[in-house]
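Accompanying notes for the structure given below.
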Amino acid sequence: MAAKTAFVLVPGLFTGGWIWRDLADRLRSAGAEAHPVTLPGGDVDLEAHIAEVLHVVDRIDTDADTVLVGHGYGIHPVLGAADRRADARPRRRVVHLDAGLPQNGDPALTLVPDQSLRERLTSEATRDAHLTPPGAGDGWSRYGSPAGLTPHDLDRLSRLATPHPIRTLTQPLHLTGAVDTLPTTGVLCTANGSSIALLQHLVELGDPRLRALTEPRVTLFELDTGHWPMLSAPAELADVLLRAATGQGHRLRTTSTDSATSTDSATSPDSASPPEPPAHLRPFLLD
């Protein structure tokens, strides 16, 4: 990589900086910096998580291009931090890692796509200060596809998982719009229901939520794995992030006669038009 690049790796629900260990080692071996973040627990809100990401970002060498990676819920504090530092130099990039598209004013909990899960979590939020992590077994499948995870990976998730502060999910995300000017990359985990072909199809149908994804500043990659690629496909994810940092990836076309194109890609998108929107299009994915 020509320029020095620093990756800020922000985890999703129930996980911490530990989940990025293998990926961080691979990024460092490639000559980049890697800064795994552990978001604070306790009785904190979304602003506290944003402040923690800013604390890490502000300590990075000013000569480094900074790539903020948000996994699942982690995209909320990433967007909040990037919005507050959008005018800073050197360059910033935001990466949605199997994450949704939250907008200004969105509280994460209200954007959970599955109604029954949303109602259960909302009820839990009225009683408890924390969201309880899944136990052993198939509990993690409620929060994303476990495709590619080994029994050891699932055991590690269950063993190291910690409760997540409810107030980070109920406080609205406040954005000024500054983050909308930053280069952005989406990494779609196809086993979790998303793909570039699906996005292209919905763009051609005129879905207004996706208009911003057709801007030249937005690139896309696919990974053929489930919702936790830092565990199931760390080598492939490291390669995608390094390429994303240089502006590579698929770019969507805006007309029905055009198809998705790329300057480089992780996989070739299927040309078939899917019948349902992918999970990635939902504004928030629990993880």
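Just so you know, numbering that gives the first Met the number 0 puts 231 at position 232 of the sequence shown, and the rest follows in order with no gaps.
Positions of the beta carbon are idealized from the N, C-alpha and C atoms, including for glycine.
These numbers come from a predicted model, not from an experiment.
- Each residue's CA atom was taken as its position, placing Val-217 and Asp-223 some 20 Å apart.
- With a 10 Å radius around the Cβ and a threshold of 16 neighbouring Cβ atoms, Arg-88 comes out exposed.
- Taking the Cβ atoms as the reference, Ile-18 lies roughly 12 Å from Leu-148, outside the contact range of under 8 Å.
- Distances from the alpha-carbon of Gly-40 to those of Gly-11, Pro-228, Val-93 and Pro-112 put Gly-11 closest.
- Within the same chain, Cβ atoms closer than 7 Å to the Cβ of Thr-180 are found at Ala-85, the five residues on either side in sequence being excluded.
- If you draw a 10 Å sphere on the C-beta of Gln-114, you find fewer than 16 other C-beta atoms in it, and that means exposed.
- With respect to the C-alpha of Glu-32, the residue from His-54, Asp-64 and Phe-13 having the closest C-alpha is Asp-64.
- About 7 Å separates the Cβ atoms of Ala-80 and Leu-67, confirming a contact at the 8 Å cut-off.
- Rounded to the nearest whole angstrom, the C-alpha separation of Pro-133 and Trp-139 is 6 Å.
- The shortest CA-to-CA distance from Leu-209 to any of Pro-171, Glu-51, Thr-253 and Pro-145 is the one to Thr-253.
- In this model, Val-7 and Pro-182 are separated by some 15 Å (Cα to Cα).
- Linking Asp-97 to Thr-184 through their CA atoms gives a straight-line distance of about 11 Å.
- With 16 or more other Cβ atoms from the protein chains shown falling within 10 Å of its own Cβ, Gly-192 counts as buried.
- DSSP places Pro-76 within a helical segment (H, G or I) once states are collapsed to three.
- With a contact defined as Cβ atoms closer than 8 Å, Pro-215 and Asp-42 miss out at about 42 Å.
- In the pairwise beta carbon analysis, the segment 165-175 is classified as touching the segment 118-128: at least three pairs are separated by under 8 Å.
- For Thr-109, the number of other beta carbons within 10 angstroms of its own is below 16, and it is reported as exposed.
- With contacts defined by Cβ atoms closer than 8 Å, Pro-233 and Leu-78 do not form a contacting pair.
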